[in-house]
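So the structure is just underneath, and the comments pick up after that.
Residue numbers (the working numbering), protein chains in the order written: chain C, 216 to 429; chain W, 216 to 429.
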């Protein structure tokens, strides 16, 4: 069974993707942005990123919203992908995959418009079909998608929420409120659980998203 | 078919429930908070609300997080419900229902921790089973839950996202990207559509959440 590590300020990835949600402010998210070298920026996020000392290696998206100034400044690293079937986050993930970068961390994937936020979290469950290791780190915690039984690093007392992308059977071990072969039919039903140890295990064959709160 | 109005700054409800997410800042959300008389405050939200001129009629929740100062100040209107099976938002909705208040608007239901946010949005699909009319207004738009074919007021160009709480068949009329008898298996698949007229219609028998962006 795969074990999902709990990220720290010094966690490294092949690439960091900065989406255009709420800019990282939590210490772990912000440190990961500063401590990694390969940053792919979804186009709308460059306005905020360009106000920091972090330099992106690529700016990916339909580039509708790039300012003329940033379009000039970053002309050598802009990857314009105009098709409208996927959002800028998916374009960025596919770009990283094409560069053979298979260990990815998404920052800035939530906050602002809630429909974007829910969509981006759900997309994690699609990305795991072609990315070896991908998580989303927000200012409130860490999201991972799984489609098979998995172990998660945690700490006693950590708040844990589980979301089924579509109803499926779930069993958990080492959570305060144990779940035994339950099928959830609404998003809230497996939220606000709590870790009891330094790992917990989820047994499933469905597509789940797992949230560990900071 | 029921028609879901598009809320404005002067929209009235039997009760406004203020949850403990991001405090209203958008003009529509903030005006509704100020223009309605019956405000039910989820307990954690009172710290922010008490810094405004809005007076709540009830403070509902497990009240674990109330400051000693606010516990004294509001002692006559605190409704402490200790059971841990439901969250403060659901306790507040049930309290309103018990008072025969059946037209409710939730503010502050999103923002901050994303698992709370997704849970609160999903809960709308449960609330419609016993509340006649309930919506959630955030700083980015309006969420309604439906479980039958429905009409929504809108304006040409308004961004519309649809979420299936569990996979079900959906057909839409008067949206830019028409959906015809599709079953969605991931949260993102029916997001980022656009209204073409002053109403749009969704035909379904499943539980959906519909978002109209400001």
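Virtual Cβ for every residue (Gly too), placed ideally from N, Cα, C.
Check                                                                                                                           : Outcome
Selected residue, minimal CA-CA separation from residue 300 of chain W, among C:365, C:218, C:407, C:318                        : C:407
Minimum length 3: unbroken beta strand (DSSP E) runs contained in the region 336-376 of chain C                                 : 348-352, 356-361, 365-368
Collapsed DSSP secondary structure at residue 257 of chain W in the structure displayed                                         : strand
Nearest to residue 362 of chain W (by Cα), restricted to the options W:244, W:419, W:291                                        : W:419
Short CB-CB distance (under 8 Å) between residue 333 of chain W and chain C                                                     : yes
Contacting residues, own chain, Cβ-Cβ under 6 Å from residue 281 of chain C (five flanking each side not counted)               : 258
For residue 391 of chain W, the nearest candidate out of W:285, W:326, W:370 (CA to CA)                                         : W:370
Cβ pair residue 253 of chain W, residue 231 of chain W closer than 8 Å                                                          : yes
Three or more C-beta pairs below 8 Å linking the region 225-240 of chain C and the region 310-327 of chain C                    : yes
Cβ-based burial, residue 422 of chain C [other Cβ within 10 Å; buried from 16]                                                  : buried
Contact the region 261-275 of chain W vs the region 283-293 of chain W: 3+ CB pairs below 8 Å                                   : yes
Beta-carbon proximity of residue 248 of chain C to residue 233 of chain C, cut-off 8 Å                                          : yes
For residue 406 of chain C, the residue or residues it bridges with in DSSP                                                     : In DSSP, residue 406 of chain C forms no bridge with anything.
Three-way DSSP call (helix, strand, coil) for residue 273 of chain W in this model                                              : strand
Nearest-angstrom beta carbon gap, residue 307 of chain C and residue 255 of chain C [assumed within contact, 8 Å]               : 5 Å
Own chain partners of residue 425 of chain W with C-beta closer than 6 Å, once the 5 adjacent residues on each side are dropped : 359, 377
Coarse secondary structure for residue 397 of chain C, derived from DSSP in three states                                        : strand
Chain W contact residues for residue 380 of chain C, given Cβ-Cβ distances below 8 Å                                            : 400, 401, 402
Simplified DSSP assignment, three categories, for residue 318 of chain C                                                        : strand
Inter-stretch contact at 8 Å, needing at least 3 Cβ pairs: the region 334-354 of chain W / the region 344-354 of chain C        : no
Near the ligand HEM: residue 379 of chain C beta-carbon under 7 Å from a heavy atom                                             : This structure lacks the ligand HEM, and indeed carries no ligand of any kind.
Contact list for the region 313-329 of chain C against chain W, Cβ threshold 8 Å                                                : 325, 326, 327, 328, 329
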